[in-house]
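J.: The structure that follows is given in the form of structure tokens.
Numbering (our numbering), first residue to last: 317 to 692.
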């Protein structure tokens, strides 16, 4: 064979070998991707099953059999952190937080025009509306009456403004981003950002202090963080905080009222009028379970809301599953709206230890474990 033909044949053979190598490499690469995806999917499914099993554990802790329903505080068994548990191929950690240690946005649904005016204009009364305004003041957020009225109009069932500060559908149609008024209970705390008058930045500051439960609830004075206790105290915030710190955990609401009566030296009827049982309690029906499961390359975070109202054992009424990616964008690169949902999805939605009373109160496990963190 002439030399020129031998060179062409060799080149053709090399091209053929290269093509075969490329095809085999592509097949191997796709196979590896398929294996990795299948493994990640399997680990993700297994991690979710582990989390759901942990929900059963939490339910047992909060059941009538294992918990005294008359009082709830962070010194009880349910409030202790789940130790970092090894599971096959990974780990599990979790904790339970009391959702009634926060302001329930749906508690605003109890107001009508008359009851709101009476509370706002009466010196010796305290309710969710006044506590909300006081809380915003402590956070250095503008605390004007329209901030209360717009929430009430959002959650009430009618389409009439509660007063001149309220807002119904016509008020939202003229906004830069028009939206429909819910006229129903809030289903998620981030919905607060849709209500007229609340900026994304303000909602970010308020999220750790609020919850959205299926019905109006009282605030558990045994588990409420210090800033919220100050807000509940109103004009006597610091004295009120001192009494709460010295007395909690309170075994009974009557004991709480008696301590207030002894300190302020005012009649019991006035004490009960100012801090009624509809506003303040010593027990809770709604809790949130925080779980983090790491299994192989999969890592998931689960937030489950548990309702035990009129039940011997709590049921899960809402569950949020967050699949944690291998890498996250820097927060500085996020828009305001993205930061809001990043804040919500992040577990940093409980007051830090500086925001919690230290006298006679066990630090919430979720803070101690770092599953929930800072608030300023």
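We put the CB at the ideal spot given by N, CA and C, even for glycine.
Between the Cα of residue 587 and the Cα atoms of 429, 616, 415 and 439, which residue gives the shortest distance?
T.: Taking the chain shown and counting its residues from 1, the one referred to as residue 587 is at position 271. Considering only alpha carbons, the answer is 439.
J.: Leaving out the 5 sequence neighbours to the left and right, which residues in its chain are closer than 6 Å to residue 420 when beta-carbon positions are compared?
T.: Reading the chain shown from its first residue, position 104 is the one you call residue 420. Closer than 6 Å at the Cβ level, and outside the excluded window around residue 420, lie 527, 529 and 533.
J.: Mapping DSSP to helix, strand and coil, what is residue 466?
T.: Mapped onto the chain shown, residue 466 falls at position 150. In the structure shown, residue 466 sits in a helix (DSSP, three-state: H, G or I).
J.: Ignore the nearest five residues each way along the sequence and tell me which others in residue 575's own chain have a CB closer than 6 Å to its CB.
T.: Taking the first residue of the chain shown as position 1, residue 575 is located at position 259. Within the same chain, residue 575 has close Cβ partners 559 and 563.
J.: From what residue to what residue does the beta strand (DSSP E) around residue 444 run?
T.: Counting from 1 along the chain shown, the entry for residue 444 is found at position 128. Where residue 444 is concerned, there is no enclosing beta strand (DSSP E), although the alpha helix (DSSP H) it sits in stretches over 444-454.
J.: Span of the alpha helix (DSSP H) holding residue 486?
T.: Counting from 1 along the chain shown, the entry for residue 486 is found at position 170. Element bounds for residue 486: 485-489.
J.: Evaluate contact between the segment 566-575 and the segment 466-473, counting only Cβ atoms and requiring at least three cross-stretch pairs below 8 Å.
T.: The answer is no - the segment 466-473 does not touch the segment 566-575, with fewer than three Cβ pairs under 8 Å.
J.: With residue 604 as the anchor, note down where its beta strand (DSSP E) starts and where it stops.
T.: Position 288 of the chain shown holds residue 604. Run containing residue 604: 602-611, per the beta strand (DSSP E) assignment.
J.: From which residue to which residue does the alpha helix (DSSP H) around residue 548 run?
T.: Against the chain shown, residue 548 aligns to sequence position 232. Note, residue 548: alpha helix (DSSP H), 542-549.
J.: What does residue 614 pair with, by DSSP beta-bridge criteria?
T.: Here residue 614 refers to the residue found at position 298 when the chain shown is read from its first residue. DSSP output for residue 614 lists 611 as bridge partner(s).
J.: Reducing DSSP to helix, strand and coil, say where residue 552 ends up.
T.: If you number the chain shown from 1, residue 552 lands on position 236. If DSSP states are grouped into helix, strand and coil, residue 552 belongs with the helices.
J.: How is the beta strand (DSSP E) around residue 636 delimited, first residue to last?
T.: Indexing the chain shown from 1 puts residue 636 at position 320. It spans 631-639 - the beta strand (DSSP E) in which residue 636 sits, taken as one unbroken run.
J.: If you measure from the beta carbon of residue 683 to each beta carbon in chain B, is any gap under 8 Å?
T.: Absence of chain B from the displayed structure is noted, only one protein chain being present.
J.: Quick one: is residue 464 buried, meaning 16 or more other Cβ sit within 10 Å of its Cβ, or exposed?
T.: To locate residue 464, count along the chain shown from 1; it is residue 148. That one is buried.
J.: Beta-carbon within less than 7 Å of residue 488's beta-carbon, same chain only, minus the 5 sequence neighbours each way: which residues are those?
T.: Here residue 488 refers to the residue found at position 172 when the chain shown is read from its first residue. Excluding residues within five positions, the ones whose Cβ falls inside 7 Å are 494, 495, 497 and 512.
J.: Once you ignore the five residues that flank residue 483 on each side, which residues in its own chain have a CB closer than 7 Å to its CB?
T.: On the chain shown, residue 483 is found 167 positions in, with the first residue counted as 1. Same-chain partners within the cutoff: 466, 469, 477 and 512.
J.: Give a yes or no on whether the C-beta atoms belonging to residue 605 and residue 412 are separated by under 8 Å.
T.: Taking the first residue of the chain shown as position 1, residue 605 is located at position 289. Taking the first residue of the chain shown as position 1, residue 412 is located at position 96. Yes, the Cβ-Cβ distance between residue 605 and residue 412 is below 8 Å.
J.: Can you tell me which of the three DSSP states residue 496 falls into?
T.: Numbered from its first residue, the chain shown carries residue 496 at position 180. DSSP places residue 496 in coil when its eight states are reduced to three.
J.: Please say whether residue 451 and residue 547 have beta carbons closer to each other than 8 Å?
T.: Residue numbering aside, residue 547 sits at position 231 when the chain shown is read from its first letter. Residue numbering aside, residue 451 sits at position 135 when the chain shown is read from its first letter. Yes.
J.: Please go through the same chain and pick out, in chain order, the residues whose beta-carbon is closer than 6 Å to the beta-carbon of residue 449, but skip the five residues on each side of it.
T.: Here residue 449 refers to the residue found at position 133 when the chain shown is read from its first residue. Taken in chain order, the residues that qualify are 459.
J.: Just to confirm my understanding: we take residue 601, look at its own chain, exclude 5 residues before and 5 after, and list those with CB closer than 6 Å. What are they?
T.: For the purposes of this step, residue 601 is identified with residue 285 of the chain shown, where counting begins at 1. Counting only Cβ-Cβ distances below 6 Å, and skipping sequence neighbours, we find 624 and 625.
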